[in-house]
Every structure is written in C-alpha cells, then in structure tokens.
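Participant: Protein sequence lines, in the order shown, are assigned to chains A and B.
Note that the first sequence covers residues 545 to 661 in my numbering.
Note that the second sequence covers residues 2 to 324 in my numbering.
Yeah, the Cβ is synthetic: ideal placement off N, Cα and C, and Gly gets one too.
I'd like to ask you about the structure that follows.
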Amino acid sequence: MLRDDQRAQAYTRNDVPRVKADATIADIVGVAGDWEVVVVVDADDVVLGVVRTEARSLPHDVTVASIMQPGPPTVRPSIPIRELAKSMDDNGELHVLVTKLDGTLTGLVRRADLDAA
Amino acid sequence: MPPDHRFEIGYWLSSEEHGPRALVEHAARAEEVGFRSAMISDHFHPWVRAQGESSFVWGVLGGIAQATSDLRVGTGVTAPIIRMHPAIVAHAAATAAVMLEGRFFLGLGSGERLSEHVMGERWPGATERRVMLEEAVGVIRELLEGGNVNHRGEYYRVENAQLFTRPTTPPPILLAAGGPKSSELAGRVADGMIAVAPDARAVDAFEAAGGKGKPRVGQLHICWAESDDKARRIAHERWPNSAIQGQALSDLARPKDFEQVTDPIPEDVATATIVCGADAGRHIEAIGRFAAAGFTEVYVHQIGPDQEGFFRFYTDRVLPHFP
Numbered sequence: 545m546l547r548d549d550q551r552a553q554a555y556t557r558n559d560v561p562r563v564k565a566d567a568t569i570a571d572i573v574g575v576a577g578d579w580e581v582v583v584v585v586d587a588d589d590v591v592l593g594v595v596r597t598e599a600r601s602l603p604h605d606v607t608v609a610s611i612m613q614p615g616p617p618t619v620r621p622s623i624p625i626r627e628l629a630k631s632m633d634d635n636g637e638l639h640v641l642v643t644k645l646d647g648t649l650t651g652l653v654r655r656a657d658l659d660a661a
Numbered sequence: 002m003p004p005d006h007r008f009e010i011g012y013w014l015s016s017e018e019h020g021p022r023a024l025v026e027h028a029a030r031a032e033e034v035g036f037r038s039a040m041i042s043d044h045f046h047p048w049v050r051a052q053g054e055s056s057f058v059w060g061v062l063g064g065i066a067q068a069t070s071d072l073r074v075g076t077g078v079t080a081p082i083i084r085m086h087p088a089i090v091a092h093a094a095a096t097a098a099v100m101l102e103g104r105f106f107l108g109l110g111s112g113e114r115l116s117e118h119v120m121g122e123r124w125p126g127a128t129e130r131r132v133m134l135e136e137a138v139g140v141i142r143e144l145l146e147g148g149n150v151n152h153r154g155e156y157y158r159v160e161n162a163q164l165f166t167r168p169t170t171p172p173p174i175l176l177a178a179g180g181p182k183s184s185e186l187a188g189r190v191a192d193g194m195i196a197v198a199p200d201a202r203a204v205d206a207f208e209a210a211g212g213k214g215k216p217r218v219g220q221l222h223i224c225w226a227e228s229d230d231k232a233r234r235i236a237h238e239r240w241p242n243s244a245i246q247g248q249a250l251s252d253l254a255r256p257k258d259f260e261q262v263t264d265p266i267p268e269d270v271a272t273a274t275i276v277c278g279a280d281a282g283r284h285i286e287a288i289g290r291f292a293a294a295g296f297t298e299v300y301v302h303q304i305g306p307d308q309e310g311f312f313r314f315y316t317d318r319v320l321p322h323f324p
C-alpha cells in the first residue's frame with residue numbers, strides 16, 4: 545500500500561543497467577539481464593536515452609546511439625509516490641526514470657513494484 | 002523475451018502504388034527471397050494521384066493466398082467503421098483466413114477520411130471513431146467465433162448473422178496505435194498493435210493496458226535506389242504524404258487535397274523520415290530503432306516501382322544481419 549508520505553526515492557531501483565552512447569548491442573546483451581530497458585548515459589551519468597531490451601536481437605555491432613529512444617520522460621526522487629503512480633497510470637507508463645535536477649540518473653521506478661507494495 | 006528471440010522483418014505491400022496483379026507477384030517474390038510475413042494496405046483512394054492505384058484488398062488477398070504457401074499476411078489497416086460494416090469485414094476476414102490457411106491476421110484501425118468518406122456519411126472525430134472501432138472489434142470477434150449474432154449497439158446493428166465459411170481458429174486482430182489513447186485501446190481489446198513510428202511510449206501504453214507479450218508491429222518507409230539523390234526523388238514523387246502528420250492525415254478527403262498540402266514541401270523535408278539510398282547501415286539502424294522502442298516486427302515499405310532492386314538489396318545487404 546502506497547503511503548502519502550512516501551517519495552519516488554523509496555521505490556527507485558538503482559541497479560537499472562546503463563551503457564554509454566558509444567556502446568553496441570553486444571554491450572546491451574551483456575548488461576540487460578532480466579530488465580526491460582537499458583539506460584543510455586553520458587560520461588557524467590546524464591540520461592541521454594533508453595533502449596528496450598528487444599534490441600538484443602539486432603546485429604551486435606549496431607551502436608546504441610543510432611537506435612536509442614532519446615529524451616525519455618523522467619521524474620525527480622522527491623515526487624510523492626502516489627502522485628507518480630497516478631501519473632504513470634494516466635500515461636500508460638510501465639516504468640519511469642528518476643534523475644536529479646542536473647539530469648544524472650538515480651534509477652528507475654517500475655509500476656509493477658508499486659502494485660506489489 | 003528470451004535473448005535469442007528473432008526480430009521479424011516483413012514486407013509491405015503498397016496497394017496505393019501497385020496494381021492487384023503486381024501485388025500478388027510481389028508477395029510471391031517476397032516469400033521466395035525469404036520474407037516470412039507481409040502486410041497490405043487497405044485503401045479506397047491512394048494518398049496522392051502519383052501513386053496511381055488502390056485495389057480492393059480482399060480480392061488481392063485471394064490471389065496472394067494462391068500464389069504463396071508460407072507467407073503470413075495481414076491487412077494494414079482495415080477500417081471497419083463506415084466504408085465497410087464490421088459484419089462485412091468479419092465475413093471478408095474469415096474467408097481470407099480460410100484461403101490463407103492460418104497465415105492471415107487482421108489489422109484494424111479507425112481509418113482516414115481519404116478512403117472512408119466515399120459512402121457520403123459524416124466524418125466523425127478521432128474520439129468517436131475510437132468508440133466505433135471498439136464496438137466494431139466486438140462485433141467482428143463475435144462473428145468470427147461462429148455463432149448466430151444479434152447486436153444492437155451505439156453505432157452498429159447486426160441481425161441474425163452467422164459466418165458459415167470461417168477458420169477453426171479466428172485470426173489475430175491487431176489495432177493501429179497512433180497515440181496513447183489508441184495504444185490503450187489496442188492493449189485492452191486487441192491481440193497486437195501496429196504503429197508507423199518507433200515510439201516506446203506507444204508500446205508502454207499498449208503493454209500497460211494489457212498488451213504485454215503480444216506482437217508490436219511497426220511500419221518503416223524506405224526507398225532503395227542506386228543513389229541517395231535518385232531515392233529521394235522517387236520518394237518525394239511517390240510518397241510525399243510522408244511529410245503530413247497529425248490530424249490532417251486522417252481528415253483530408255481527396256488525393257488532390259493531400260497534393261495541395263504536400264506540393265509546397267521541399268524534397269528534403271518531405272523525405273526526412275524516409276530511409277533513402279543504398280547505405281545498408283542506415284536501413285539497419287532504422288529497423289533497429291523499432292526494436293529499441295520495444296517492437297517485435299517491422300514491415301518495410303519500398304517506395305516506388307523497383308521492388309526487385311529492393312529485394313536484391315535487402316537479401317544481400319540487410320536481412321543477413323537479422324538471422
């Protein structure tokens with residue numbers, strides 16, 4: 545049960561896999577595990593885009609930068625979790641990236657994790 | 002999805018550009034060179050007059066059924082809301098599914114005025130068309146199940162209708178998903194989604210509404226030619242409607258209305274979203290953007306008359322990268 549005083553930070557998965565923009569599909573295969581998305585970040589960990597792990601079936605030499613979804617929606621760690629859950633339902637989002645104000649990646653909140661709470 | 006899942010690359014049969022006999026030949030050739038699936042557009046009119054054709058898709062499907070043996074074929078997409086009553090679409094789909102012996106899938110959408118206005122009916126707004134589509138899907142599914150159907154809905158009536166020619170298993174129904182609301186509808190009522198852009202948000206909305214694990218199908222416009230310049234020229238001449246986005250796409254009525262919008266658009270702008278030329282890497286990356294957005298299949302539409310050149314290029318340079 546989500547509580548009014550909880551923030552996104554409490555449900556943020558910090559272990560979401562991340563790669564740099566010059567990574568290839570081979571790198572995605574290496575880090576994806578059971579995750580549905582891999583986050584693309586720059587050298588300072590600023591979010592550049594995301595790649596769904598369906599991309600694992602692409603040729604392994606394709607670069608991530610050439611196929612990623614740029615500028616994914618993000619929220620701040622301080623957003624109330626119930627507000628975030630409603631927003632995700634309204635927008636049909638299964639997951640949302642959590643970043644700091646400067647765009648650096650904190651992690652990812654999965655809607656399924658909120659359902660299980 | 003397991004890591005070794007094969008991303009499916011299909012072939013798009015453009016009813017707007019090729020006559021019915023050519024479409025059947027192209028489907029057979031696609032199967033011959035190794036494509037395992039194809040989608041065929043369902044229009045009453047082409048987008049612009051330079052495209053020049055627009056055959057009745059259900060007749061063409063009969064020809065394709067006889068000319069192929071393994072190719073999976075679906076409509077992309079049929080609008081069962083005004084020009085074709087859902088009971089008639091169910092009838093046509095059931096016959097196509099029998100002819101294609103389990104290789105048929107039914108792609109549905111809320112239509113464009115371009116092809117649906119010909120009955121002289123009022124053209125509803127997008128929200129109303131989605132409601133009509135949802136009701137139509139219900140009618141089609143009920144008929145495909147085979148029982149005697151009576152339906153008194155908000156938009157459609159069906160009286161004592163029963164399909165006597167139908168497949169043992171109803172064909173899957175995929176819905177066009179152009180935005181969050183249509184993606185939600187597809188996730189809720191369909192067996193898959195079809196989109197024209199590699200938009201991960203549409204896939205997420207589809208999955209969040211119940212579509213998880215179901216096919217997510219994309220359409221990719223390309224124009225292969227020996228040079229980029231030639232490809233862009235062909236694409237600009239034959240598919241200028243690529244430059245039109247949003248409501249204009251669904252609300253313009255006639256090919257010449259589309260031409261009035263597209264004629265002033267410069268070639269580089271009109272072809273900006275089309276992969277033009279013979280650089281295999283750009284084609285692979287464009288396909289890859291669909292996979293990266295969560296799609297499971299993409300259907301490649303070669304713009305222009307040279308389908309054989311496309312087949313050679315893709316079988317030699319692109320498809321081998323997707324074993």
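If contact means a Cβ-Cβ distance below 7 angstroms, which residues of the region 560-583 of chain A contact chain B?
Facilitator: For the region 560-583 of chain A, which is checked against every Cβ of chain B, the residues closer than 7 angstroms are VAL573.
Participant: Please compile the residues from chain A whose C-beta is within a distance smaller than 9 angstroms of the C-beta of SER184 of chain B.
Facilitator: Result: GLY636.
Participant: What did DSSP end up calling THR274 of chain B once you bin it into helix, strand or coil?
Facilitator: Coil, per DSSP.
Participant: According to the Cβ coordinates, are MET612 of chain A and VAL590 of chain A closer than 8 angstroms?
Facilitator: No; because the gap between Cβ atoms is not below 8 angstroms, this pair is not in contact.
Participant: Can you confirm whether VAL606 of chain A, when its beta carbon is compared against all beta carbons of chain B, has any partner nearer than 8 angstroms?
Facilitator: Yes, contact with chain B.
Participant: In its own chain, which residues sit with a C-beta less than 6 angstroms from the C-beta of ALA31 of chain B, not counting the 5 before and 5 after it?
Facilitator: Counting only Cβ-Cβ distances below 6 angstroms, and skipping sequence neighbours, we find TYR12 and ALA39.
Participant: Determine whether the Cβ of GLU135 of chain B lies closer than 8 angstroms to any Cβ atom of chain A.
Facilitator: By this cut-off, GLU135 of chain B is not an interface position.
Participant: Since ILE611 of chain A meets chain B, which of its residues come closer than 8 angstroms, beta carbon to beta carbon?
Facilitator: Under the 8 angstroms cutoff, chain B gives GLU286, GLY289, ARG290, ALA292 and ALA293.
Participant: Could you check which residue in B:GLY147, B:TRP124 and B:GLY278 has the C-alpha nearest to that of ILE325 of chain B?
Facilitator: Because residue 325 of chain B is not part of the residues shown, which for chain B are 2 to 324, the question remains open.
Participant: Below 9 angstroms between beta carbons is the criterion; list the residues of the region 187-208 of chain B that meet it against any residue of chain A, in chain order.
Facilitator: So the list reads GLY188, PRO199, ASP200, ALA201, ARG202, ALA203, VAL204, ASP205, ALA206, PHE207 and GLU208, given in the order they occur along the chain.
Participant: Starting from GLN303 of chain B, follow the beta strand (DSSP E) in both directions and report where the run begins and ends.
Facilitator: Here the beta strand (DSSP E) through GLN303 of chain B covers 298-303.
Participant: Going along chain A in order, which residues have a C-beta closer than 8 angstroms to the C-beta of ARG7 of chain B?
Facilitator: By Cβ distance, chain A contributes SER601.
Participant: Tell me TRP240 of chain B's beta-bridge partners as DSSP assigns them.
Facilitator: DSSP output for TRP240 of chain B lists no bridge partner at all.
Participant: Using the DSSP secondary-structure output, state which residues sit across from VAL584 of chain A in a beta bridge.
Facilitator: Paired residues: A:VAL563 and A:GLY593.
Participant: Roughly how many whole angstroms lie between the Cα atoms of ARG217 of chain B and ALA609 of chain A?
Facilitator: Their Cα atoms are separated by approximately 22 angstroms.
Participant: Could you name the residues that DSSP lists as bridge partners for ILE223 of chain B?
Facilitator: DSSP, once it has assigned bridges, lists B:VAL276 and B:GLN303 as partnering ILE223 of chain B.
Participant: Should VAL653 of chain A be counted as a contact of the ligand HEM given a C-beta to heavy atom distance under 7 angstroms?
Facilitator: With respect to the ligand HEM, the structure offers nothing, as it holds no ligand at all.
Participant: DSSP state of ALA39 of chain B, grouped into three classes?
Facilitator: ALA39 of chain B: strand per DSSP, three-state reduction.
Participant: Where does VAL78 of chain B sit, in a helix, a strand or coil, going by DSSP?
Facilitator: Correct three-state label for VAL78 of chain B: coil.
Participant: Go ahead and label ARG131 of chain B buried or exposed: buried means 16 or more other beta carbons lie within 10 angstroms of its beta carbon, across all protein chains shown.
Facilitator: When all chains shown are included, ARG131 of chain B counts as buried.
Participant: Using C-beta distances below 6 angstroms, list every residue in its chain close to VAL150 of chain B, excluding the 5 sequence neighbours before and after it, in chain order.
Facilitator: Once the five neighbours on either side are set aside, the close Cβ partners of VAL150 of chain B are GLU143, LEU144, VAL159 and ALA162.
Participant: Taking all protein chains shown into account, do 16 or more other C-beta atoms lie within 10 angstroms of the C-beta of THR166 of chain B, making it buried, or fewer, making it exposed?
Facilitator: Exposed.
Participant: Would you list the one or two residues that DSSP bridges to ARG153 of chain B?
Facilitator: DSSP output for ARG153 of chain B lists B:ARG158 as bridge partner(s).
Participant: Go through the region 124-148 of chain B residue by residue and report every complete run of the beta strand (DSSP E) that reaches 3 residues or more, in order.
Facilitator: Whole beta strand (DSSP E) segments, 3+ residues: zero.
Participant: What does ARG596 of chain A touch in chain B if you count any residue whose Cβ is under 8 angstroms from its own?
Facilitator: Correct list: ALA201, VAL204, ALA292, ALA293, ALA294 and GLY295.
Participant: For PRO3 of chain B, I'd like the list of residues in its chain whose CB is within less than 8 angstroms of its CB, leaving aside the five on either flank, ordered along the chain.
Facilitator: Any answer about PRO3 of chain B is weak, because its pLDDT of 36 lies below 50 and its placement is not dependable; what the coordinates show is given next. Counting only Cβ-Cβ distances below 8 angstroms, and skipping sequence neighbours, we find nothing.
Participant: For PRO199 of chain B, tell me which candidate among B:PRO241, B:ALA294 and B:ILE245 has the shortest Cα-Cα distance.
Facilitator: Taking only the C-alpha atoms, the option nearest PRO199 of chain B is B:ALA294.
Participant: Which chain A residues sit within Cβ distance under 7 angstroms of ALA210 of chain B?
Facilitator: Chain A residues near ALA210 of chain B: GLY636.
Participant: Given this structure, state the Cα-to-Cα distance separating LYS215 of chain B from HIS604 of chain A, to the nearest angstrom.
Facilitator: Each residue's alpha carbon lies about 25 angstroms from the other.
Participant: Would you kindly work out how many angstroms separate the C-alpha atoms of GLY67 of chain B and LEU176 of chain B, rounded to a whole number?
Facilitator: Inspection of the sequence shows that residue 67 of chain B is occupied by Gln rather than by Gly. Looking at the two C-alpha atoms, the distance is approximately 26 angstroms.
Participant: Alpha carbon to alpha carbon, how far is VAL575 of chain A from VAL642 of chain A?
Facilitator: Those two C-alpha atoms are separated by around 19 angstroms.
Participant: Note the first and the last residue of the continuous alpha helix (DSSP H) segment covering MET632 of chain A.
Facilitator: Unbroken alpha helix (DSSP H) run through MET632 of chain A: 625-635.
Participant: Starting from ARG654 of chain A and walking both ways along the beta strand (DSSP E), at which residues does that stretch end?
Facilitator: That run of the beta strand (DSSP E) goes 649-654.
Participant: What does the alpha-carbon distance come out to for the pair ARG600 of chain A and VAL583 of chain A?
Facilitator: Computed Cα separation, rounded: 14 angstroms.
Participant: Could you list the residues in the region 110-127 of chain B with a C-beta less than 7 angstroms from some C-beta on chain A, going in chain order?
Facilitator: Going along the region 110-127 of chain B in chain order, one finds no residue with a Cβ nearer than 7 angstroms to chain A.
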